[in-house]
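Structure first, then comments.
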Amino acid sequence: MLEDLTIIDLTDERGIYGAKLLSDLGANVIRPEPRDGDPLRKRGPLRETKDPDLASLWYAFFASNRRFFSLSLEDENECQALRHQISRADIILRCDNHFTEPVIDIDTLIKENPNLILLDMSSFGKAGPWKDYLAPDLVAGALGGSAATTGDFDTPPLKGFGELNFMVSGAYLAIAALSALYDRGESGSGQSASISVHEAIASCLEHVFMFYWYADTLDRKEGKVLPRRGALHWSDAYDVMKTKKGSIMITPTPDFDNQLMWLIEEGVQEDLIDPKYLEPENLRMRVDRSMEILRKWALTKEAEPLFFEAQSRHAPYGWVLPLEELMQNPQLRARFWFREQSIEGQTVECPGAPFRLKREGEEIKLPLAAHVGPEEHKEQLLKEIGWDAK
Amino acid sequence: MSMDGPLSGLKVLDFTHVLAGPFATRILGDMGADVVKINSQTRAIGTQDATHPYYLMWNRNKRALAIDLTTDGGKEIAFELCLKADIVIDNFSVGVLDRWGIGYEKVRKINTDIIYVQMSGMGEGGPWSDFVTYAPTIHALSGLTISTGVPGREDIGLGFSYNDHQAGLHGAFAVLAALEGRRQHGKSQRIDISQFEIGCGFLGPALMDLSANGNTAGPSANDLPFDQACPHECYRCLSSTADANQSVSGEEWIAIACMNDEQWEKLTNLIGITDWAAIMKLDSVEARLQHKNEINEKIETWTSQGKAYTLMELCQNAGIPAGVVQNGADLMENDPQLKSSHFFSKLPDTHPDLGEQYLDRLPINFEKYELNDYRRVRVIGEDNEEVMKDWLDRGAEEVKTLEDNEILK
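What follows is the structure in structure tokens.
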């Protein structure tokens, strides 16, 4: 879909997901790596192999469909080759403090090629009192606001699993790149754009600012800040509940009457049929009482059959699926979401794109290249800029 | 009628609701696209109620057109709008737009380079395609709930609708990718997005670990699930008032993450435990992980005597990654970084019914565009006349008749 685009991927954890989104849609994405090893090739989980460059499944996932260009900053020829690649590219995705910074003067390259689009990502932006602060995912999520609302009253604030904060900043990076590209198509010239990871995380906190800005309208006892409280949603109407076997996310929304009918069928409605719960001013009371009854009721059920029964009644319950179940999930399998990635001849199932694309009614097939080492594409990349690899 | 931005001139017809879809179109509107939000008096309930704070959060920079799509006249107008649009986007269950007579197959025959983006819960096709989902449903099903939390518990997960935001980001990305596809190929496109698949994708490395090694990742609290770092935790600071049975309001926490031995050494110097660390031989991450609880106790003894922002500054000045666990009030009131970048602001145009509105701006800074001309959320049908003129060249009188006939309602 994006096969005419050439992108240079100078990202680290903070932006690599954005480069992945673009490469998985077919863009030609070149990722320079330091000769002495990209530290991201060491990120777990690891697979068993004698080649340490191909051990990281983390890297196989995040650096999918890239072509790698290994270089030493001491080797002027290799640096020059990278400059050539950049001068031919459409888009540069760059996180600050990238290892190529000492030898690649991108500002000059942009002046020479006004069509170039440069995306700059940093943890806190280019200015401001925190601009030099260090922020791996845990710290980024703490400062950005996601940790304060994740966890329970009896746990510390928690980070999301894996790199969820950096997957937000990465997604913004891809959006910014394609927006600047669209603008280039209309205006005829490229531009630079910058993204702060901190702002990106803060922009995706659902209810957090709503509680602060509209506290008077919401009229909640918690005031302007809702403390962390496990899986209980800000509306109080969605929660993960225990069952006899497994856990399930249960909600009486959006159709309270539908849920009430089900409870009546099972004879566990208690006082929910009291007309007082139908008064608009008693909606909050109805939510709280419904959840109380549902929690007791869930303990008499098993998560899996309850989930399917709920969905057959158009109730948006969600079974807390173990990962093993996810691997076998019939919906993902029916949509051929899992792809098979080859790494040193081993076939590893990996997530596909969350998109199905059709052009003129015909499905567009998305690429999935074998995951390879840092030297694999070098000769080909040098040939493309007219250089002899020797 | 859109503001000046990288997407100026782009026409987006927006049938989305709740958070995921509206967040996608909010991003497009923030960048200058002309987003026309379709709502109606009859559909304006719950999170579609244009006076609900939730609606106010996700629908700025859009124009409001009210169409009653249960009427034939409403469906005809919607069809005409589809013929003028660059993008048609919805997050209904599969098939709703077809039932209204404005499905992709019908529209693309006339609007030959139209882009349709459908952001349903499960995507089109498959045994679960009709399942009803909200973000907490997707979190549960996709592995996000079971993996975020502490070992032994399945009832924590993410404390906000992360996947809705991400679905919005992926929706905006899909629109933009399709625009580039249109530039390259000049043909109509349809993008079927599964919010479930978006959520599952965030577990990518864990799923590959399961496939390649047979390992099942579980919740790892604040530890890295697959890599080693220690200390890597949130610590209670001075003014923490909570105990295990009380509300957590009033607490202060700081996250400290030593990602290498050098940062650990700096931390031991800063908090004065160099000798203890030497005696315990904690100069490797493997050794530190073996003594994680003791290390965390030492650190919390230090943090519990200081204010979170002061401790953060001390750590960062010493080259140690650390950050206050900021809640909404902290972000609004105490974060000098967001203040310096003018991340929050009050909209200049006061809402006729709801008064002042606020915003967190798009976190992308373009060299060519300031993007500071944000527009407040509109009431239902507030832009009927303007949109009907701009998109369909209909006059005010005709619009009035359509309103009187309860078609534009």
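As you go down the protein sequences, you meet chains A and B in turn. What the first sequence shows, in my numbering, is residues 1 to 390, in sequence order. What the second sequence shows, in my numbering, is residues 1001 to 1409, in sequence order. We put the CB at the ideal spot given by N, CA and C, even for glycine. Computed from a predicted structure; not experimentally measured.
Using a Cβ-Cβ distance cut-off of 8 angstroms, the segment 1340-1355 of chain B and the segment 1029-1038 of chain B are not in contact, since fewer than three pairs of beta carbons, one from each stretch, lie closer than that value. DSSP places S1211(B) within a helical segment (H, G or I) once states are collapsed to three. At a cut-off of 8 angstroms between beta carbons, G37(A) makes no contact with chain B.
Contact between L93(A) and L119(A) holds: their C-beta atoms lie close to 5 angstroms from each other, under 8 angstroms. Restricting attention to A1020(B), L1019(B), L1028(B) and F1023(B), the CA atom closest to the CA of V1012(B) is found in L1028(B). Closest by C-alpha distance to L263(A), out of G15(A), K42(A) and T300(A), is T300(A). When the five nearest sequence neighbours on each side are left out, the beta carbons in the same chain lying within less than 8 angstroms of the beta carbon of E340(A) are those of T347, V348, E349, C350 and L368, in order along the chain. One thing to note: L1362(B) has its Cβ within 8 angstroms of the Cβ of M1031(B). Look at T108(A): its C-beta is not under 8 angstroms from any C-beta on chain B. Close CB contacts of E33(A) within its chain, under the 6 angstroms cut and outside five residues either way in sequence, are with F68, S70 and P374 (chain order).
Setting aside the 5 residues that flank it on each side, V168(A) is surrounded in the same chain by A200, I201 and C204, each with a C-beta closer than 7 angstroms to its C-beta; the list follows chain order. Between H207(A) and F1023(B), the C-beta spacing is not below 8 angstroms. At a cut-off of 8 angstroms, the C-beta of I86(A) has no neighbouring C-beta in chain B. Taking C-beta atoms under 8 angstroms as the contact rule, C1237(B) and L1311(B) qualify, at a distance of about 6 angstroms.
A straight line joining the alpha-carbon of T243(A) with that of D1155(B) spans about 11 angstroms.
Under the 10 Å beta carbon count, A1206(B) is surrounded by 16 or more other beta carbons and is classified as buried. By the neighbour-count criterion, in which 16 or more other beta carbons inside 10 Å mark a residue as buried, E163(A) falls on the buried side.
For W1391(B), the three-state secondary structure derived from DSSP is helix. Secondary-structure assignment with DSSP links L1065(B) through a beta bridge to I1038(B). Contact annotation, I1256(B) with A1322(B): C-beta distance approximately 5 angstroms; criterion of less than 8 angstroms satisfied.
Here the alpha carbon of L226(A) sits roughly 12 angstroms from the alpha carbon of Q1326(B). Note that the C-beta distance between H233(A) and P1225(B) is not below 8 angstroms. Residue pairing for R94(A): DSSP places it in a beta bridge opposite L10(A) and D120(A).
For the pair F1366(B) and T155(A), the Cα-to-Cα distance works out to about 40 angstroms.
Residues of the same chain with a CB within less than 7 angstroms of the CB of E1300(B), apart from the 5 flanking positions on each side, are Y1235 and R1236 in chain order. Between V1132(B) and M1122(B), the alpha-carbon positions lie close to 8 angstroms from each other.
Contact of H1185(B) with chain A by beta-carbon distance below 8 angstroms involves R359. Neighbours of P1348(B) in chain A, taken as residues at a C-beta separation under 8 angstroms, are lacking, since the least C-beta distance is about 16 angstroms. In the displayed model, A27(A) falls within coil according to three-state DSSP, outside both helix and strand.
In the structure shown, V1325(B) adopts coil according to DSSP, grouped into three states. Between the segment 1370-1383 of chain B and the segment 1041-1051 of chain B there are three or more C-beta pairs closer than 8 angstroms, enough to call the two in contact.
Note on geometry: alpha-carbon atoms of P1151(B) and L158(A) lie some 12 angstroms from one another. For the pair I1087(B) and I1114(B), the Cα-to-Cα distance works out to about 6 angstroms. Nearest in C-alpha terms to M261(A), of all of A315(A), E74(A), F61(A) and G160(A), is A315(A). Just so you know, the alpha carbons of K1307(B) and D1360(B) end up roughly 27 angstroms apart. The Cβ atoms of N1222(B) and L134(A) do not sit closer than 8 angstroms to each other.
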